[in-house]
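See below for the structure under consideration.
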Amino acid sequence: MIKIESVTLEEAYRGAALKLECSVTELNIEVVQSPSGGFLGLFKKSAIIVATKKITSSIDVHKEVIKEDKKEIREVVKQESKQTVKQESEQKQNKKRHKPKQTSKKSAHNVFNDTIMPETFVSTQDDEDYDMGDINFTADYDEDETPVVKEEVTGNTNAKEVAKSVEEEINILFDLTCFKIDKIEVSAYDETTLLIEFKGEDAALLIGKEGYRYKALSYMIFNWINTKYKLQLRLEIAEFLKNQEESVLRYLEGVCENINRDGKAQTKILDGVLVQIALRELREKYPNKYVAIRSTRDGLKFIIVNEYYN
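The numbering of the sequence shown is our numbering, which starts it at 7 and goes up by one.
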């Protein structure tokens, strides 16, 4: 504890902080006497304070350390994201420069590669560069566009035959987690697709912010059942997929009106699962039109619908 006397309270605060080697915000200050100018130079009073340094608890220190760590992590993630986007852009440009010219006309507009992923996360038309100068759009979301894939299912595996086996295996796996979820139900959505449903108290936690966990789970589970059983996946977690589909269908009503009127249209920027649901719905509704995902310079995704050109 120290006693400081000065002309003003501000100077007294600074003096106390200087002597105690800390900032003013770290001081416990008691004002003993407020400064007064007196009358005609008489009865003038100085500012007098008694100050002590606040004792920082270990909990407060721990919180500050955590706060700083989180800030550093966010900065690292931000830098890594920028670097990833830059690398992907460079790879795409290099691929375009080295792509040989094709004289034969494509019959199905499909591109095949060895990437395995759910049909709800893939495009079955080429991803050619689009003239961004001719595009008007509003940005609401972002989405990591996946490569173009068309997975051919081989063999005669039926979804009904393997549903029970997958249900047993996936429940054994998730029994080891800390999430409070009901028994995971697995059934045949159609002959080549398994429907896997997560319900329960903590089921919504498996969705994650903006559906990031949902997308990760979808990739992992799909790679398992597609590799082992050659089946597709429909993943439903706490009605997340159902709600997303309903939301997209409502939005696409206006887009379809534009297509029917003008013969072409584009969506707003869509996020994650939304862009893939919209892609599937538009291709089902307009099989004779060119429907594809396009990217902005910032990596945001939207869908264009146009006529095929020879």
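Cβ coordinates follow ideal geometry from the N, Cα and C atoms, glycine included.
Under 8 Å by Cβ, that's how I've got Glu207 and Lys186 pegged, so tell me the actual separation to the nearest angstrom. Mapped onto the sequence shown, residue 207 falls at position 201. Mapped onto the sequence shown, residue 186 falls at position 180. The pair is a contact, with the Cβ atoms about 4 Å apart (cut-off 8 Å).
For chain B, find out if any of its Cβ atoms is closer than 7 Å to the Cβ of Ile61; answer yes or no. Of the protein chains in the structure, only one exists, and it is not chain B.
Beta carbon of Ala18 nearer than 7 Å to that of Ile55: Position 12 of the sequence shown, counting from 1, holds the residue named residue 18. Position 49 of the sequence shown, counting from 1, holds the residue named residue 55. Yes. Within cutoff.
Taking all protein chains shown into account, do 16 or more other C-beta atoms lie within 10 angstroms of the C-beta of Pro293, making it buried, or fewer, making it exposed? Numbered from 1 along the sequence shown, position 287 holds the residue referred to as residue 293. Flag for Pro293 reads exposed.
Measuring straight from C-alpha to C-alpha, what distance separates Glu96 and Ile283? As a first step, residue 96 must be located in the sequence shown, where it is residue number 90. As a first step, residue 283 must be located in the sequence shown, where it is residue number 277. About 28 Å.
Limits of the alpha helix (DSSP H) - the one that Thr58 falls within: Within the sequence shown, numbered from 1, the residue matching residue 58 stands at position 52. Run containing Thr58: none in the alpha helix (DSSP H); it sits in the beta strand (DSSP E), Ala53 to Lys59.
How far does the alpha helix (DSSP H) with Leu319 in it extend, from its first residue to its last? A question about residue 319 goes unanswered here, because the residues of the chain that appear run from 7 up to 316.
For Arg267, name the three-state secondary structure that DSSP assigns. As a first step, residue 267 must be located in the sequence shown, where it is residue number 261. Reduced to three states, the DSSP call for Arg267 is helix.
DSSP three-state label for Lys295, please. As a first step, residue 295 must be located in the sequence shown, where it is residue number 289. In this structure, Lys295 counts as coil in the three-state DSSP scheme.
Per DSSP, cross-strand counterpart(s) of Ser12: Numbered from 1 along the sequence shown, position 6 holds the residue referred to as residue 12. Answer is Ala53, bridged to Ser12.
From Leu15, Lys59, Tyr220 and Asn164, residue whose alpha carbon lies closest to that of Ser40: Sequence index remark: in the sequence shown, residue 40 carries index 34 (1-based). Comparing Cα positions, the closest option is Leu15.
Does the distance from the C-beta atom of Ile35 to that of Ala57 stay below 7 Å? What you label residue 35 is simply residue 29 of the sequence shown in a count that begins at 1. What you label residue 57 is simply residue 51 of the sequence shown in a count that begins at 1. For Ile35 and Ala57, yes; Cβs fall inside 7 Å.
With DSSP run on the structure shown, which of helix, strand or coil describes Asn164? Here residue 164 refers to the residue found at position 158 when the sequence shown is read from its first residue. Correct three-state label for Asn164: coil.
Considering only the beta carbon of each residue, do Tyr220 and Phe180 sit closer than 7 Å? As a position in the sequence shown, residue 220 is number 214, starting the count at 1. As a position in the sequence shown, residue 180 is number 174, starting the count at 1. Contact flag unset, no.
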